[in-house]
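K.L.:
In short: position in the sequence shown from 1, add 194, done, that's our numbering.
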Amino acid sequence: MIKDIRINKNRNNINGVFSIKDKKFFYKILSLSDYENERSGYEIIKGMYPVANLIFKGIINNNKSGLLIYEFEETIGKNRGLLIDIFSNSNNYNTDSHLLNKILFIYKRAFMSSFKMTKSKTADIFFKDRIKTRLHKYYNKRFFKEVRNIKFNFLKHEIDNVDFEKIIVSLGDFFDSKGKEYCVISQCDPNDLNIGTKPIVLDYLAGGYNPLMAEFAIIFWYCIAQGGYFSVIYNKKEYINHPNIIKNIDKVIFHKNKLMHKTNYKRKKFLINYIQEVIDPLLKKTHNNFNWYEDFKNYLAMRIISVFDISKMIEKDKLLSLAYLDLFYNHMNICKTTQLVEVIKKL
Numbered sequence: 195m196i197k198d199i200r201i202n203k204n205r206n207n208i209n210g211v212f213s214i215k216d217k218k219f220f221y222k223i224l225s226l227s228d229y230e231n232e233r234s235g236y237e238i239i240k241g242m243y244p245v246a247n248l249i250f251k252g253i254i255n256n257n258k259s260g261l262l263i264y265e266f267e268e269t270i271g272k273n274r275g276l277l278i279d280i281f282s283n284s285n286n287y288n289t290d291s292h293l294l295n296k297i298l299f300i301y302k303r304a305f306m307s308s309f310k311m312t313k314s315k316t317a318d319i320f321f322k323d324r325i326k327t328r329l330h331k332y333y334n335k336r337f338f339k340e341v342r343n344i345k346f347n348f349l350k351h352e353i354d355n356v357d358f359e360k361i362i363v364s365l366g367d368f369f370d371s372k373g374k375e376y377c378v379i380s381q382c383d384p385n386d387l388n389i390g391t392k393p394i395v396l397d398y399l400a401g402g403y404n405p406l407m408a409e410f411a412i413i414f415w416y417c418i419a420q421g422g423y424f425s426v427i428y429n430k431k432e433y434i435n436h437p438n439i440i441k442n443i444d445k446v447i448f449h450k451n452k453l454m455h456k457t458n459y460k461r462k463k464f465l466i467n468y469i470q471e472v473i474d475p476l477l478k479k480t481h482n483n484f485n486w487y488e489d490f491k492n493y494l495a496m497r498i499i500s501v502f503d504i505s506k507m508i509e510k511d512k513l514l515s516l517a518y519l520d521l522f523y524n525h526m527n528i529c530k531t532t533q534l535v536e537v538i539k540k541l
């Protein structure tokens, strides 16, 4: 009567799909702390976003783990149903614009109705906590010295003498000093595999009030390089059911000290629309009393260097990560989102 269809083990949880007769279900087995975070995150965001139907929650394994069971989303399948499938198909942007506009509208509505200044800790799992759990473990003095000796040309922007150690210290200071921030209710992991075209939003571990710039930085990096390149290379197993992205991975060329990366056009178009339709209206509500780019670049830097250990990447990927880090953290004098849009267009 009960049949396992798929199981996936990763660093955070065990998840998979099982069926009872012809009915499919998606399950997650998590640590107790992650179980409580996802359960409460789900409860907070379910009134503002279309979410999967949670049908069971409980403690298992002699009170060592938590189990969540959701109805399986039948609109999602091989190369269909997720944002990543739109980005990796051969259609032009206009063909899928009605689906993408629905997604943007959901975020615009949820952000506008929940936008406020408050303290938030739910996003720490993706940012502040990783200073200790990843950055201090990934990078050492030897790597810091290697980075200082890098010199190459990236999109006509010269990268030289990047003080990587100083950036990590600066990131630690930024996250230690965080107080109240402009926040919105979100699930804080708006990546290609967590947004369905039905539309539906998946994964609720960091659900709650999250810093707007944290949310923005995550979707920004996914659209620029992570979703179309880095995750496909360094987390390939996540795309087993969406292999079209592997065939349509971004091209990265490193030749004669010149590094080139071409971002997928549909990703850039979607990101620009996201900035104009979702981010800009909220920034206007702050009446220009918010140095948004200072916050944004710190959250973005964490996404660039704390998702994967860039010191273990192949040379061109390591250089690409450092190039984007240096470009956005050290060399962008941005006050208006229109300036950021112009940079996106050139990528």
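Ideal placement from N, C-alpha and C gives every residue a C-beta, glycine not left out. The model shown is predicted, which means the values in this text are computed figures rather than measured ones.
Leaving out the 5 sequence neighbours to the left and right, which residues in its chain are closer than 8 Å to residue 477 when beta-carbon positions are compared?
P.N.:
484, 486, 531
K.L.:
Compare the Cα-Cα distances from residue 539 to each of 231, 467, 386 and report the closest residue.
P.N.:
It is 467.
K.L.:
Specify, as a first and last residue, the run of the alpha helix (DSSP H) that residue 211 falls within.
P.N.:
Taken as a continuous stretch (DSSP letters only), residue 211 belongs to no alpha helix (DSSP H), being part of the beta strand (DSSP E) at 207-214.
K.L.:
Determine whether the beta carbon atoms of residue 263 and residue 250 lie at a separation below 8 Å.
P.N.:
Yes. Within cutoff.
K.L.:
Within the continuous alpha helix (DSSP H) that includes residue 405, where are the two ends?
P.N.:
Note, residue 405: premise wrong, no alpha helix (DSSP H); beta strand (DSSP E) at 402-405.
K.L.:
What's the call for residue 360, buried or exposed, on a 16-neighbour Cβ count within 10 Å?
P.N.:
exposed
K.L.:
Is DSSP giving residue 501 helix, strand or coil here?
P.N.:
coil
K.L.:
Hey, residue 521 and residue 347: beta-carbon distance below 8 Å or not?
P.N.:
No, these two residues do not count as a Cβ contact at 8 Å.
K.L.:
Is it buried or exposed for residue 529, if we count other Cβ within 10 angstroms and need 16 for buried?
P.N.:
exposed
K.L.:
Hey, how far is the Cα of residue 368 from the Cα of residue 330?
P.N.:
C-alpha separation (whole angstroms): 16 Å.
K.L.:
Would a C-beta distance cut-off of 8 Å place residue 306 and residue 376 closer than the cut-off?
P.N.:
No, Cβ-Cβ distance for residue 306 and residue 376 is not below 8 Å.
K.L.:
Can you name the residues that DSSP bridges to residue 390?
P.N.:
276, 394
K.L.:
Alpha carbon to alpha carbon, what distance is there between residue 323 and residue 542?
P.N.:
With the chain represented from 195 up to 541, any question about residue 542 goes unanswered, as that position is not in the structure.
K.L.:
Using only CA atoms, which one of 282, 493, 448 lies nearest to residue 508?
P.N.:
448
K.L.:
Starting from residue 224 and walking both ways along the beta strand (DSSP E), at which residues does that stretch end?
P.N.:
217-225
K.L.:
In this structure, how does DSSP classify residue 457 when only helix, strand and coil are distinguished?
P.N.:
The three-state reading of DSSP puts residue 457 in coil, since its state is none of H, G, I, E or B.
K.L.:
For a quick check, are the C-beta atoms of residue 443 and residue 421 less than 8 Å apart?
P.N.:
No, the pair does not count as a contact, with Cβ atoms beyond the cut-off.
K.L.:
Which first and last residues belong to the beta strand (DSSP E) in which residue 264 is found?
P.N.:
259-265
K.L.:
By a C-beta neighbour count over all protein chains shown, 10 Å radius and 16 as the cutoff for buried, is residue 534 buried or exposed?
P.N.:
With 16 or more other Cβ atoms within 10 Å, it is buried.
K.L.:
Am I right that residue 235 and residue 401 are in contact with their C-beta atoms under 8 Å? What's the rounded C-beta distance?
P.N.:
2 Å
K.L.:
Residue ranges of each alpha helix (DSSP H) run of no fewer than 4 residues wholly in the stretch 289-341, ordered along the chain?
P.N.:
291-308
K.L.:
Which residue marks the beginning of the alpha helix (DSSP H) containing residue 371, and which one marks its end?
P.N.:
It is not in any alpha helix (DSSP H) - residue 371 carries neither H nor E in the DSSP assignment.
K.L.:
DSSP state of residue 353, grouped into three classes?
P.N.:
strand
K.L.:
Provide the residue span of the alpha helix (DSSP H) that contains residue 539, from first to last.
P.N.:
531-540
K.L.:
Does DSSP classify residue 284 as helix, strand or coil?
P.N.:
For residue 284, the secondary structure class from DSSP, reduced to helix, strand or coil, is coil.
K.L.:
What is the DSSP secondary structure of residue 513, reduced to helix, strand or coil?
P.N.:
helix
K.L.:
Using the C-alpha atoms, what's the distance from residue 237 back to residue 406?
P.N.:
20 Å
K.L.:
Taking contact to mean 3 or more Cβ pairs, one atom from each stretch, closer than 8 Å, check whether the stretch 377-388 and the stretch 276-294 are in contact.
P.N.:
Look at the beta carbons and you see the stretch 377-388 touching the stretch 276-294: at least three pairs across the two are nearer than 8 Å.
K.L.:
Give me, in chain order, the residues of the same chain whose beta-carbon lies closer than 7 Å to that of residue 266; leave out the 5 immediate sequence neighbours on both sides.
P.N.:
Within the same chain, residue 266 has close Cβ partners 211, 218, 219, 220.
K.L.:
Apart from the five residues just before and just after residue 201, which ones in its own chain have a Cβ nearer than 6 Å to its Cβ?
P.N.:
210
K.L.:
Let me know the secondary structure DSSP gives residue 424 once reduced to three states.
P.N.:
Correct three-state label for residue 424: helix.
K.L.:
Would residue 391 and residue 224 be called neighbours here (beta carbons separated by less than 8 Å)?
P.N.:
no
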